Amino acid sequence: MTDPAFTIIDGDAEAAVTARVAGDEVRLSPAAVTRALGWEVTDEGLCRDGLCVPVPPGVALSTADGIDLTALAAALGRPLALDVQERAACLGAPAPDRGRALASLQAPDFALPDLDGRVHRLSDHRGRKVLLLVWASW
Amino acid sequence: MWQAVHAELQGHGFTVLTVALDRSADDARPWIQAARPGHPALVDTRHVVADLYNVVNVPTGVWIDERGRIVRPNDATFGADTFRHITGIESGRHLAALRAWVRGETSLPAPARVRELQTLPTVTDQQARAEFALGEWLYRQGRPEAAARHFQRAGELAPHDFTIRRGTMPMRGIDPMGPEFRAMLQDWVQGGRRYYQPLPE
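Top line first, the protein sequences correspond to chains P and X.
Just so you know, my numbering puts the end of the first sequence at 157, numbered straight through with nothing missing.
Just so you know, my numbering puts the end of the second sequence at 203, numbered straight through with nothing missing.
This is the structure:
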């Protein structure tokens, strides 16, 4: 029996993976975790690009059914929005990461399209003073 | 309005960069086309810039220098006094300060002061943004009812974040200029809270 795909959203990336869902619990295979989020589950903890993050004590990451998504998000320190019914979840950016970046006073870079679909980066304008003006039609 | 500022000051090594936190390019398009900007006018449907810069309402302006350093943090930045009678914020002072900065006629606050004026996001703020992002994805998948549940949750987690509470109204089929918005605003300011957060200086 194949479970319908579960989508893990991470920024502008999304990955459809196989997941075991029971109640509020979502369990992924280690391979699915690597594919969706780039982290490998090892004996040292969660590893990526040669860096390993130990799993905090009391966080039950690995279970008989696979890696628990809620525990994984907690281990990574990332906020998790979960919709079991819709089979989708989104991992956001940790507040300390955003706070540290802003407090550094180095303006975070970004890449966004204009109305023609051409992508512009803030860093395209290095060497000029910039007024970044965030607005909306609402 | 910002196009005029851009045109006036671009010869001084300056550019305006606008970012629209809108549901789609189509929502922002009429406004951008009417402005006929010579500066980049970008569309940010996933609220990436709101997340990176902890933007909780619009309009918000940030000054960034030639080295990419934030020299003036998030401010309620209006280009004109069209809504001054409602907002209580007059646009001339910021415009004068902007001109002085661009022309190199002013000294800027020390980095420590800039940091004092920044509001950094909390864990709950970021949880709200994750709920918004999930809602926005569901909306794009054609599941607006599921999306609305997450927009609602996001708004409850971050009631001060109007990029969520008002910004998701179009995706929930609510007029962001209509009675629901007015009721939300009334409730907010009656609690003694400010809808806009201008910088103190």
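Note that CB positions come from ideal geometry on N, CA and C, so glycine has one too.
These numbers were taken from a predicted model, which means no experiment stands behind them.
Short CB-CB distance (under 9 Å) between residue i and chain P
| i | result |
| --- | --- |
| residue 152 of chain X | yes |
| residue 1 of chain X | Since the first residue of chain X shown is 3 and the last is 203, residue 1 of chain X is not available in this structure. |
| residue 40 of chain X | no |
Nearest-angstrom Cα separation, counted from residue j out to residue i
| i | j | result |
| --- | --- | --- |
| residue 54 of chain P | residue 156 of chain X | 27 Å |
| residue 96 of chain P | residue 182 of chain X | 35 Å |
| residue 158 of chain X | residue 126 of chain X | 10 Å |
| residue 128 of chain X | residue 42 of chain P | 25 Å |
| residue 39 of chain P | residue 27 of chain P | 13 Å |
| residue 59 of chain X | residue 140 of chain P | 22 Å |
| residue 22 of chain X | residue 47 of chain X | 8 Å |
| residue 115 of chain P | residue 62 of chain P | 26 Å |
| residue 190 of chain X | residue 68 of chain P | 46 Å |
| residue 100 of chain P | residue 102 of chain X | 44 Å |
Pair within 9 Å by beta-carbon distance, residue i and residue j
| i | j | result |
| --- | --- | --- |
| residue 63 of chain X | residue 150 of chain P | yes |
| residue 170 of chain X | residue 153 of chain X | yes |
| residue 152 of chain P | residue 81 of chain X | yes |
Closer than 9 Å to chain X by CB, residue i
| i | result |
| --- | --- |
| residue 28 of chain P | yes |
| residue 151 of chain P | yes |
| residue 84 of chain P | no |
| residue 37 of chain P | no |
| residue 20 of chain P | Note that residue 20 of chain P scores 46 on pLDDT, short of 50, meaning its location in the model is unreliable and no value can be drawn from it. |
| residue 47 of chain P | no |
| residue 75 of chain P | no |
| residue 112 of chain P | yes |
| residue 58 of chain P | no |
Unbroken beta strand (DSSP E) run spanning residue i, endpoints
| i | result |
| --- | --- |
| residue 39 of chain X | Element bounds for residue 39 of chain X: n/a, residue is neither H nor E. |
| residue 61 of chain P | 59-61 |
N- and C-terminal bounds of the alpha helix (DSSP H) containing residue i
| i | result |
| --- | --- |
| residue 61 of chain X | Looking at the DSSP string, residue 61 of chain X is not in any alpha helix (DSSP H), and its letter there is neither H nor E. |
**Request:** Closer than 9 Å, Cβ to Cβ, to anything on chain P: give me those residues from the region 95-120 of chain X, in chain order.
**Result:** 100, 103, 104, 113, 116, 117 and 120
**Item:** Where the region 155-171 of chain X meets chain P: residues whose CB sits under 7 Å from a CB there
**Value:** 168, 169 and 171
**Request:** Please list the residues of the region 58-81 of chain X that have a C-beta atom closer than 7 Å to any C-beta atom in chain P, keeping them in chain order.
**Result:** 60, 61, 62, 63, 64, 65, 66, 67, 68, 70, 71, 72 and 79
**Prompt:** Can you list, in chain order, the residues of the region 45-58 of chain X whose Cβ is nearer than 8 Å to any Cβ on chain P?
**Reply:** 45, 46, 48, 50, 51, 52, 53, 54, 55, 56 and 57
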